[in-house]
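Peer 1: With the working numbering applied, the sequence shown covers 305 to 582.
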Amino acid sequence: MLPRRFAQIDVFSSEPCRGNPVAVVIDADDLDDAAMQAFARWTNLSETTFLLPPTTAEADYRLRIFTPGGELPFAGHPTLGSCAAWLGAGGRPRTADRIVQECGIGLVELRRDGGSLAFAAPPLIRSGEPTGDELAAAVRALGVDPGAVRAGQWVDNGPGWLALLLDSAATVLALRPDFAAMGSLKLGVVAPSPAEGDSDFEVRAFVPGIGVPEDPVTGSLNAGLATWFLGAGIASGPYVAAQGTVLGRAGRVRVTPAGGAIWIGGATSTVISGTVLL
Numbered sequence: 305m306l307p308r309r310f311a312q313i314d315v316f317s318s319e320p321c322r323g324n325p326v327a328v329v330i331d332a333d334d335l336d337d338a339a340m341q342a343f344a345r346w347t348n349l350s351e352t353t354f355l356l357p358p359t360t361a362e363a364d365y366r367l368r369i370f371t372p373g374g375e376l377p378f379a380g381h382p383t384l385g386s387c388a389a390w391l392g393a394g395g396r397p398r399t400a401d402r403i404v405q406e407c408g409i410g411l412v413e414l415r416r417d418g419g420s421l422a423f424a425a426p427p428l429i430r431s432g433e434p435t436g437d438e439l440a441a442a443v444r445a446l447g448v449d450p451g452a453v454r455a456g457q458w459v460d461n462g463p464g465w466l467a468l469l470l471d472s473a474a475t476v477l478a479l480r481p482d483f484a485a486m487g488s489l490k491l492g493v494v495a496p497s498p499a500e501g502d503s504d505f506e507v508r509a510f511v512p513g514i515g516v517p518e519d520p521v522t523g524s525l526n527a528g529l530a531t532w533f534l535g536a537g538i539a540s541g542p543y544v545a546a547q548g549t550v551l552g553r554a555g556r557v558r559v560t561p562a563g564g565a566i567w568i569g570g571a572t573s574t575v576i577s578g579t580v581l582l
């Protein structure tokens, strides 16, 4: 076991400890899969990440992302938090205004967004409406009145998201899902926020199959939703999504279409820094 630089970064909230934390092992070069998975189970966070040298000259660093139950090819808040940890540990991008992360889905571009970071939403690997059986299974697991469902769409950019657009933020916040019935489904739910709030949409994400019944604030889901909403005309221009309300968090995800990309941004703050023995 060796001491390795470590940081725990809070992501998607301007109020520290009210976003979504990610544990980042900065010096992970010689760790094997079993060691990474064991540490992710131990942290018991929605994601734990490991920074590695890139395998391509186009990337600034390589990232592996683990939940308590397995590895993900991509996830949003770990992308922002790990980039913040890499920069904080002295990482220097090849291009000053562009950072390139290598991960399971390939290369993901990031940029500095004022005092925050943003990543370019990756393309969907599965899109389109769910089948009737898929939609019915999601509705049963969520325990929602079918009449409250306005639309459903696969918005999978790696983790496997199926999203449902509901009639109101109040319906989203009142959900008490049956996680056993959800099985392997990874469900995102969204609805317009009340006009008087500081956000445009209210979002929740449920992923019990990987050991995280509800994720506090979810970059990959919001990236998939943005691809759907902007493409279908459900939303236009920049908007803000709120997430984590039911869990006592204050997540705010900024969605900005620009330069042919959809940028998913939010605040990051380092809450813990030091070393771990691995």
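Think of the CB as a built atom: it goes at the ideal place given N, C-alpha and C, for glycine as much as any other residue. Quantities reported herein were computed from a predicted structural model and do not represent experimental measurements.
#1: Could you check how far apart the C-beta atoms of residue 507 and residue 545 are, in whole angstroms? I think they sit under 8 Å.
#2: With a 10 Å radius around its C-beta and 16 neighbouring C-beta atoms as the bar for buried, classify residue 328 as buried or exposed.
#3: Thinking just about the alpha-carbon of each residue, which of 354, 446, 313, 441 is nearest to the one in residue 582?
#4: DSSP on residue 533, reduced to helix/strand/coil?
#5: Is it buried or exposed, residue 433, if we count other Cβ atoms within 10 angstroms and call 16 or more buried?
#6: By how many angstroms is the C-alpha of residue 330 removed from the C-alpha of residue 382?
#7: Tell me which residues share the same chain as residue 568 and place their Cβ nearer than 7 Å to its Cβ, disregarding the 5 neighbours each side in the sequence.
#8: Quick check: the region 468–486 against the region 319–326, are there 3 or more CB pairs under 8 Å?
#9: Should the region 387–404 be called in touch with the region 338–347, which here means at least 3 C-beta pairs below 8 Å?
#10: Which residue marks the beginning of the beta strand (DSSP E) containing residue 499, and which one marks its end?
#11: Let's test the definition: count the other Cβ atoms within 10 Å of the Cβ of residue 414 and tell me whether it reaches 16, buried, or not, exposed.
#12: Between residue 323 and residue 420, is the Cβ-Cβ spacing less than 9 Å?
#13: Assign residue 575 to one of three DSSP states: helix, strand, or coil.
#14: Quick check: residue 539 and residue 504, are their CB atoms within less than 9 Å of each other?
#15: Between residue 325 and residue 575, how many whole angstroms is the CB-CB distance? I'm expecting something under 8 Å.
#16: If I measure Cβ to Cβ from residue 362 and keep anything under 7 Å in the same chain, skipping five residues before and after, which residues do I get?
#17: By Cβ distance below 7 Å, which residues in the same chain neighbour residue 393 in space, the five residues on each side in sequence not counted?
#18: Run through DSSP, which three-state label would residue 351 get?
#19: When DSSP labels each residue in this structure, what does residue 360 get in the three-state scheme?
#20: Comparing C-alpha positions only, which one of 360, 377, 369 sits nearest to residue 398?
#21: Which of the three DSSP states, helix, strand or coil, is assigned to residue 439?
#22: Between residue 458 and residue 431, is the Cβ-Cβ spacing less than 9 Å?
#23: Distance check for residue 547 and residue 375, CA to CA, integer angstroms please.
#24: Out of curiosity, what's the CA-to-CA distance linking residue 435 and residue 465?
Peer 2: Per the coordinate set shown:
#1: 5 Å
#2: In the assembly as shown, residue 328 is a buried residue. Its beta-carbon has 16 or more other beta-carbons within 10 Å.
#3: Per the Cα distances, 354.
#4: helix
#5: exposed
#6: Looking at the two C-alpha atoms, the distance is approximately 13 Å.
#7: 380, 422, 423, 425, 523, 526, 527, 530, 557, 559.
#8: no
#9: Cβ pair count under 8 Å is below three, so no.
#10: Segment: none, residue 499 is in no beta strand (DSSP E) and carries neither H nor E.
#11: buried
#12: no
#13: strand
#14: For residue 539 and residue 504, yes; Cβs fall inside 9 Å.
#15: Yes, they are in contact, since the Cβ atoms of residue 325 and residue 575 sit about 7 Å apart, within 8 Å.
#16: Hits under 7 Å: 404, 411.
#17: Excluding positions up to five away in sequence, the list reads 309, 330.
#18: coil
#19: coil
#20: 360
#21: helix
#22: Yes, they are a contact pair.
#23: Looking at the backbone, the Cα of residue 375 and that of residue 547 are separated by about 23 Å.
#24: Approximately 14 Å, taken between the alpha carbons.
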